[in-house]
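Reading through the structure tokens given below for one structure.
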Amino acid sequence: MNSVALKMLFGDTAKYIGIVMGLTFASLLMTQQMSIFVGLMSRTFGFISDTGLPDIWVMDPKVQFVDDLKPMQDTQLQRVRSVEGVEWAMPLYKGLLKARLDDGGFQTCNVVGLDDATLIGGPPVMVEGRLEDLRRADSVIVDIEGATDKLAKQPDVPGGPKRPLRVGDTLEINDKRAIVVGISRGTRTFLSQPTVYTTYSRAITYAPSERKMMSFVLAKAEPGVDPMELCERITATTGLQARTRDEFKLQTVGYFLKNTGIPINFGITVVLGFIVGMAIAGQTFFNFTQDNLRHFGTLKAMGATNLTLLRMILLQALVVGLVGYGLGVGLAAAFGYLTEGGNAAFRLMWQVLAISFGAIAIITMLSAMLSIIKVVRLEPAIVFKG
Amino acid sequence: MTTATQTAKKSAVHCRSVTKSYATAGTKVHALRGVDLDVNSGELLMLVGPSGCGKTTLISVVAGVLERDGGECEVFGTDFQKLSSGQRSRFRGESIGFVFQAFNLLPSLTAAENVSVPLLIQGVPSSRAQKKAKELLDRVGLSDKINTRPAQLSGGQQQRVAIARSLVHDPRLIVCDEPTSALDGDTGHKIMELLREVALEGERALIIVTHDSRVYNFADRIVRMEDGLIAPGSIDPTTLH
Chain A
0 MNSVALKMLF GDTAKYIGIV MGLTFASLLM TQQMSIFVGL MSRTFGFISD TGLPDIWVMD
60 PKVQFVDDLK PMQDTQLQRV RSVEGVEWAM PLYKGLLKAR LDDGGFQTCN VVGLDDATLI
120 GGPPVMVEGR LEDLRRADSV IVDIEGATDK LAKQPDVPGG PKRPLRVGDT LEINDKRAIV
180 VGISRGTRTF LSQPTVYTTY SRAITYAPSE RKMMSFVLAK AEPGVDPMEL CERITATTGL
240 QARTRDEFKL QTVGYFLKNT GIPINFGITV VLGFIVGMAI AGQTFFNFTQ DNLRHFGTLK
300 AMGATNLTLL RMILLQALVV GLVGYGLGVG LAAAFGYLTE GGNAAFRLMW QVLAISFGAI
360 AIITMLSAML SIIKVVRLEP AIVFKG
Chain B
0 MTTATQTAKK SAVHCRSVTK SYATAGTKVH ALRGVDLDVN SGELLMLVGP SGCGKTTLIS
60 VVAGVLERDG GECEVFGTDF QKLSSGQRSR FRGESIGFVF QAFNLLPSLT AAENVSVPLL
120 IQGVPSSRAQ KKAKELLDRV GLSDKINTRP AQLSGGQQQR VAIARSLVHD PRLIVCDEPT
180 SALDGDTGHK IMELLREVAL EGERALIIVT HDSRVYNFAD RIVRMEDGLI APGSIDPTTL
240 H
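In the order they appear, the protein sequences are chains A and B.
The opening position of the first sequence corresponds to residue 0 in numbering that gives the first Met the number 0, with each subsequent residue numbered one higher.
The opening position of the second sequence corresponds to residue 0 in numbering that gives the first Met the number 0, with each subsequent residue numbered one higher.
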């Protein structure tokens, strides 16, 4: 009877398309919004992801997330280095400083100061130049997003396009000269400020002078030492907050989830997608069954059991559910592909696909349930009513 | 023509004191008030009477698509109400064929697919069901319409497909509800000829509910119903032919 069920479904083209469209829309809306949400949340810890070498981030105990900067005294670096199990520990400066633009305006930049000797904490990918070039006088490396957009030079001809910042160009950071020696590529951050890498010693000359300047200590556990245990030891020894990379990512995401309206706003859209999908698909599927009630009655009179009819309806629901889900997810993925590299944060994880699948399964099953109840209660004697 | 006297020995339907009532808008309508009915194998019985007299309710009870309130009713010795829902469906699927006034063909299936449905319900493989369906369509003169959908068939052709569908699983009883009322006189006559020639073979019994007096002469016996009861003085089958 499976073929009969499918032919009944595909035979009513308008309703079939209506049901599939409803589910596609719901699937698209939920997948796309959840992916943007995940993308945005991933950006909050983009800087941590890009800083690949250290296992452990050590910071002031009051720091809540990666951009919550509470500088420490430089002497803390030695204290961390002295903890048993630490293979190495390097300082990192991170701060928001103003860069002066050609047109006289200012652009706030995320200035990152790397350990002068090792340059640990540098950008993950160099598009132009080399990381070692930071050892040259007044040198900085600018991320490609900032170089092509917010820090771009004024047009060469009036009204023309802005010229991307290039190797050899100069910047003025807090009234101090900086020469671009490289262009890097990293994960976009939540605040979308241009990231400017330089050495630690140079970064603290760019920044307004304070007693405490060091933002983080980046540490590596000795081979065989559990980073989580080492974190506990660092905290116990120094009184500082120590987190593994993954812990710090979670802490950062947790801060944004807890203290911003982002999850609620995205959640509302996702729930709306679910409700709209439910309303459209559920109503159309129920109408489809309602229109076919006489035929279901005929099948029942001819000997089809409730179980047979239930299987037919579930098959129909499964097919429209899978087609709608596939189209919705496909469209969401196409959206992600087309907006890749742009401002839209989009990260399609398997968990998002699984949640969307679950939601579409719930919508189709609830829709099917309404139809199944109607058909199971159907008196086959309906077939004799003119 | 086959007459009741030739095959009247075996009982196909045996109903006694069957009652059925419906509650509509706060009032109770007694559709059947104690009906006695016997139909024999090989017999074509016509059930006639005015609208609302209980004909359709009676064939619904006989065919096991409606539960009676009281009385007894057996089809080939089986009482539907003593069976579970699943057993009832299976018995109906194996033993009874249906022909409806509005044909009730699935619009998205071809003629052959429609005819094969009762076999598919019984779990017969699709290829075998299709083969049997084509044979039946050939017998009702529609071998050239095997892959045609109902919407592209005339009313008479659709009813032929419905007759083929009612026969495909070789049931012992066929229940027809106004099979000719949606058709013109000539087509209705041909449908009745077909029912007599093709459907009424072997020991199969036919119950036909009809208003159409033009086809009375095809019956072996006519039972008239009035107000939920079999009316006395039903037409003598011997006067029909």
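For each residue, glycine too, the CB sits at the ideal point set by N, CA and C.
Taking CB distances under 7 Å as the criterion, tell me whether residue i reaches chain B.
i: A/T304; result: yes
i: A/F287; result: no
i: A/M386; result: The requested residue 386 of chain A does not occur in the structure, where chain A is confined to residues 0 to 385.
i: A/A300; result: yes
i: A/T297; result: yes
i: A/M311; result: no
i: A/V275; result: no
i: A/G45; result: no
i: A/M0; result: yes
i: A/F383; result: yes
i: A/M33; result: no
i: A/A380; result: yes
i: A/K6; result: yes
Any beta carbon from chain A within less than 7 Å of residue i's own beta carbon?
i: B/N216; result: no
i: B/L228; result: no
i: B/N241; result: A query on residue 241 of chain B cannot be resolved here, the shown segment of chain B reaching from 0 to 240 and no further.
i: B/V64; result: yes
i: B/G92; result: yes
i: B/V28; result: no
i: B/D322; result: As displayed, chain B neither begins before 0 nor continues past 240, which places residue 322 of chain B out of reach and without an answer.
i: B/T55; result: yes
i: B/F99; result: yes
i: B/G85; result: yes
i: B/V50; result: Note on residue identity: the sequence assigns Ser, not Val, to residue 50 of chain B. Output row for B/S50: interface = no.
i: B/S20; result: no
i: B/S88; result: yes
i: B/S59; result: yes
From the options, pick the residue whose C-alpha is nearest to that of residue i; which is it?
i: B/D226; options: B/C14, B/A204, B/I145 and B/V47; result: B/V47
i: B/C52; options: B/A30, B/V60 and B/E66; result: B/A30
i: B/R32; options: B/T56, B/S125, B/S83 and B/A181; result: B/T56
i: A/P262; options: A/I16, A/V37 and A/L27; result: A/V37
i: A/A25; options: A/Q315, A/I267, A/A280 and A/A202; result: A/A280
i: B/V174; options: B/A24, B/M45 and B/V28; result: B/M45
i: B/G85; options: B/V64, B/C72, B/G69 and B/E73; result: B/V64
i: A/A353; options: A/T50, A/K69, A/I233 and A/M33; result: A/M33
i: B/Y21; options: B/Y215, B/D183 and B/R67; result: B/R67
i: A/Q106; options: A/L130, A/D148, A/F273 and A/Q77; result: A/D148
At which residues does the beta strand (DSSP E) containing residue i begin and terminate?
i: B/C52; result: Element bounds for B/C52: n/a, residue is neither H nor E.
i: A/F105; result: F105 to L113
i: A/M212; result: Here A/M212 belongs to no beta strand (DSSP E), and DSSP marks it neither H nor E.
i: B/V174; result: L172 to D176
i: A/G84; result: Counting along the chain, A/G84 falls outside any beta strand (DSSP E), and DSSP gives it neither H nor E.
i: B/N39; result: T26 to N39
i: B/V74; result: G69 to V74
i: B/A62; result: No beta strand (DSSP E) holds B/A62; DSSP gives it neither H nor E.
i: A/M125; result: V124 to E127
I need the boundaries of the alpha helix (DSSP H) containing residue i, first residue and last residue.
i: A/K175; result: No alpha helix (DSSP H) holds A/K175; the beta strand (DSSP E) holding it covers K175 to R184.
i: B/V167; result: Taken as a continuous stretch (DSSP letters only), B/V167 belongs to no alpha helix (DSSP H), as it is neither H nor E.
i: A/Q289; result: I261 to D290
i: B/F90; result: S84 to S94
i: B/K19; result: Element bounds for B/K19: not the alpha helix (DSSP H) but the beta strand (DSSP E), S10 to T23.
i: A/L28; result: T12 to T43
i: B/A110; result: A110 to I120
Original post:
Is there contact here, the stretch 90-102 of chain B with the stretch 305-313 of chain A, by at least three beta-carbon pairs under 8 Å?
Top reply: no
Subject >> Contact set between the stretch 9-20 of chain A and chain B, restricted to residues whose Cβ is under 9 Å from the partner >> reply: F9, G10 and D11
Original post:
Just checking, does the stretch 210-222 of chain A make contact with the stretch 159-168 of chain A on the three C-beta pairs under 8 Å criterion?
Top reply: no
**OP:** Answer yes if the stretch 217-231 of chain A comes into contact with the stretch 96-106 of chain A, meaning at least three C-beta pairs across the two stretches below 8 Å, and no otherwise.
**Re:** no
Subject >> the stretch 17-31 of chain A / the stretch 167-183 of chain A touching (three or more Cβ pairs under 8 Å) >> reply: no
Subject >> Where the stretch 103-131 of chain B meets chain D: residues whose CB sits under 8 Å from a CB there >> reply: Absent from the structure: chain D. Protein chains present are A and B.
**OP:** Decide if the stretch 191-206 of chain A is in contact with the stretch 142-154 of chain A; the criterion is three or more beta carbon pairs, one per stretch, under 8 Å apart.
**Re:** yes
Original post:
Are the stretch 54-63 of chain A and the stretch 228-246 of chain A in contact at 8 Å, needing three or more beta carbon pairs?
Top reply: yes
**OP:** Would you check if there are 3 or more beta carbon pairs closer than 8 Å linking the stretch 349-366 of chain A to the stretch 314-330 of chain A?
**Re:** yes
Original post:
Should the stretch 139-156 of chain B be regarded as contacting the stretch 93-112 of chain B, the criterion being three or more beta carbon pairs within less than 8 Å?
Top reply: Yes: at least three Cβ pairs fall under 8 Å.
Original post:
Are at least three pairs of beta-carbons, each pair with one atom in the stretch 282-297 of chain A and one in the stretch 42-51 of chain A, less than 8 Å apart?
Top reply: no
Original post:
For the 8 Å Cβ check, are there 3 or more pairs between the stretch 113-120 of chain B and the stretch 192-199 of chain B?
Top reply: no
Original post:
Do three or more CB pairs link the stretch 199-207 of chain B to the stretch 154-173 of chain B at distances below 8 Å?
Top reply: yes
Original post:
Does the pairing of the stretch 2-11 of chain A with the stretch 67-86 of chain A give three or more beta-carbon distances under 8 Å?
Top reply: no
Original post:
Are the stretch 9-18 of chain B and the stretch 73-80 of chain B in contact at 8 Å, needing three or more beta carbon pairs?
Top reply: yes
Original post:
If you pair each beta-carbon of the stretch 179-187 of chain B with each one of the stretch 209-216 of chain B, do three or more pairs fall below 8 Å?
Top reply: yes
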